[in-house]
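Beneath this line is the structure, given in structure tokens, with notes to follow.
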Amino acid sequence: MGIDVFALVADWAPTVAAYREAGGSGFYWDYDDQPYFTEHRLPGGKAFLEAGQYYDLLRPHLPERLRQPADAVFGQVLPCAVGYDWTAEDRDDLAADAGLDGSGDIIYAFRPDTAAAVARSPVPWEELAAAAEEHPVPGERLAPAGTRAGMWQVVDWDSFHWHASAHLASVTDAVQAGRGLVTMVSI
């Protein structure tokens, strides 16, 4: 499955203006060497979409002391087309600041202060890895209740960790640059 994911580490005000002027994400798709954002390619493919499902399957095995900090971070940066109850409701500061409806190809967009808040949230990686080892996600394809038939799931911790870590690294890059972050998908 051809899924490309891009993180735009962006100067916030010009990105909001470009988004507003384009009426959505066309500012990116039609860009020609825009100086106000730097593009970083993130891991894509089918496993990118599966990361949210993997966490949702691991989550019931986590004690509350791990679940709360993990939800706070993963609810912001994991793709969650199914709408899990741990997913943050509004992850699109770009659309909000531009006064437009969200764009289907934007996974999440953070103002600089939102990116900083996400970056400050600790992820208990070692304890999550131990829980994943103790409660491995089944290696079969299934359709969780309330989803379309044929949905898949991530079958290993390493794939989940790689995808989630890459997203969090782009958040850190944005914070270190004092910029916002727009993460987009192309299918």
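Heads up: the sequence shown runs through residues -13 to 173, numbered per the numbering used here. Glycine included, every Cβ here is placed at the ideal spot set by N, Cα and C.
In DSSP terms, what residue i is bridged to
i: Y94; result: T169
i: F(-8); result: R27, M170
First through last residue of the beta strand (DSSP E) which encompasses residue i
i: H26; result: 23 to 28
Length of the line joining the Cα atoms of residue i and residue j
i: L28; j: S107; result: 21 Å
i: G88; j: G10; result: 8 Å
i: S172; j: W15; result: 10 Å
i: A116; j: P110; result: 10 Å
i: V(-5); j: R97; result: 10 Å
i: S151; j: T158; result: 10 Å
Secondary structure of residue i, DSSP reduced to three states
i: D78; result: strand
i: V123; result: coil
i: Q162; result: helix
i: S107; result: coil
i: D57; result: helix
i: T100; result: helix
i: Q20; result: coil
i: D71; result: coil
i: D144; result: helix
i: L154; result: helix
i: L64; result: coil
Residue span of the alpha helix (DSSP H) that contains residue i, given as start and end
i: R45; result: Note, R45: premise wrong, no alpha helix (DSSP H); not H, not E.
i: L86; result: Where L86 is concerned, there is no enclosing alpha helix (DSSP H), given that its DSSP letter is neither H nor E.
i: G12; result: 12 to 15
i: Y5; result: -2 to 8
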